[in-house]
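Numbering (the working numbering), first residue to last: 52 to 393.
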């Protein structure tokens, strides 16, 4: 019988339920031993999926003698503490993004993982979307030549509650961080400089706590490429996720996913389906492939496809973006990395 990776899940909120359900239904090489959540009301979800042991204490998962890998789906402030604790228990870790909103904490996690020789993978699931991954494959194969311009459009269908925005870490570390990771992934080069223009055009009141909901971000890459990201918390027509890269040999792009490809034409013009409603639908398969990749890298001793350094750089770009917004100037990534040991 093929070996199964014995896992424990921390956090049974929206993303935790997605990962737990995928582990149970779609991961034949994984077994869920235990799940935790601070809210006992959420335990029924795990029990109904056949998980035999549930708890309110995350450290019951981390210290469980049978657990070999921990899936961390807790709120962001607990990501590094749980990662460090799991590493010290010699458990492998799959952790949702961002690893942390400070570079110092990310470095602490990276050090613990390295010292204890365990694997850490971050849940930047968009890398595992088939469309985006195919674009990256074309770049790697030199099909578009030297990358010159990257364009990423990422707009949510509706903003989260203002109460959530107060604790989210801001648009750059909560929303744009996915795009920062995608930018590095697609271009295959580090970002060296960031410039941002943005405002709170949807909910002006969020400016009271230093956040915005609309942004255009210009990135400069080490290899000379230029990237442009546009973000909005509210696109009335759905979840807008598009990407294009232009280079010396051509261009590649990935358009929105829609429920169908039907286009109806009449005397008023053409009519087609809107983009899929939100990230749960748009990246349903990507979540699955992402988690499978983690299980594969542990069971077959492969390098983590998205490691602590990737988390560090995405957060560094986010910090630089906020610094650019507040100071009205371009910010070099070296400015925010200078106090972090990288």
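Idealized CB from N, CA, C, for every residue including glycine.
The structure displayed is predicted, hence computed values, not measured ones.
DSSP bridge partner residues for residue i (one or two, in chain order)
i	result
residue 302	297
residue 32	The structure shown does not extend to residue 32, since the chain is modelled only from 52 to 393, so the question has no answer here.
residue 282	205 and 266
residue 394	Here the chain covers residues 52 to 393 and nothing more, so residue 394 does not appear.
residue 198	298
residue 292	205
residue 144	121 and 171
residue 272	242
residue 247	268
residue 277	200 and 271
Nearest residue (CA-CA) to residue i, options the options
i	options	result
residue 127	215, 372 and 204	215
residue 266	223, 291, 277 and 293	223
residue 55	78, 94 and 361	78
residue 187	365, 307 and 296	296
residue 247	232, 378 and 366	378
residue 82	249, 342 and 363	342
residue 135	152, 165, 118 and 115	165
residue 356	144, 286 and 173	173
residue 91	107, 143 and 232	107
residue 117	143, 58, 162 and 100	58
residue 362	192, 288, 385 and 233	233
residue 88	235, 213 and 68	68
residue 97	62, 176 and 80	62
residue 283	218, 192, 211 and 161	211
residue 241	353, 147 and 366	366
residue 70	114, 103, 115 and 121	121
residue 183	171, 255, 307 and 200	307
residue 399	364, 197 and 74	Not covered by the structure: residue 399. The range shown for the chain is 52 to 393.
Residue i, buried or exposed, once every other Cβ within 10 Å from all chains shown has been counted against 16
i	result
residue 380	exposed
residue 317	exposed
residue 301	exposed
residue 179	buried
residue 65	exposed
residue 304	exposed
residue 209	exposed
residue 393	Since pLDDT at residue 393 reaches only 44, below the 50 mark, its modelled position is unreliable, and the value read off the structure follows with that caveat. The residue is exposed, with fewer than 16 neighbouring Cβ atoms inside 10 Å.
residue 385	exposed
residue 155	exposed
residue 101	exposed
residue 376	buried
residue 227	buried
N-terminal and C-terminal residue of the alpha helix (DSSP H) that residue i is part of
i	result
residue 384	384-388
residue 159	154-166
residue 366	359-378
residue 225	222-225
residue 178	Here residue 178 belongs to no alpha helix (DSSP H), and DSSP marks it neither H nor E.
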